[in-house]
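Below: the structure, in structure tokens.
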């Protein structure tokens, strides 16, 4: 979750679109995008692990 975007992991399931839509409904002021999580998960982490502790740009 960023100030303008919500990234939702997807898994190639028939339920992915419903999951992304449900999350989007919770964040009406942000864009919501579903991204395949396969490659990130294969490396032993998730989107949170890959994006934590990132300083803000100034």
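Numbering (the numbering used here), first residue to last: 6 to 63.
Backbone N, C-alpha and C define an ideal beta-carbon position, used for all residues, glycine too.
Source: prediction; values computed, not measured.
Quiz item: Looking at the structure shown, is residue 36 part of a helix, part of a strand, or coil, going by DSSP?
Solution: It is a strand residue.
Quiz item: For residue 13, does the count of other Cβ atoms within 10 angstroms reach 16, so buried, or fall short, so exposed?
Solution: The Cβ neighbour count for residue 13, taken over all protein chains shown within 10 Å, is at least 16; the residue is labelled buried.
Quiz item: Using CA coordinates, which residue listed in 20, 63 and 7 is at the minimum distance from residue 41?
Solution: Ranking 20, 63 and 7 by Cα distance to residue 41 puts 20 first.
Practice problem: Confirm, please, whether the CB-CB distance from residue 29 to residue 11 is below 9 Å. | Solution: Yes.
Quiz item: residue 25 bridges to which residues according to DSSP?
Solution: Looking at the DSSP assignment, residue 25 forms no beta bridge with any residue, so it has no partner.
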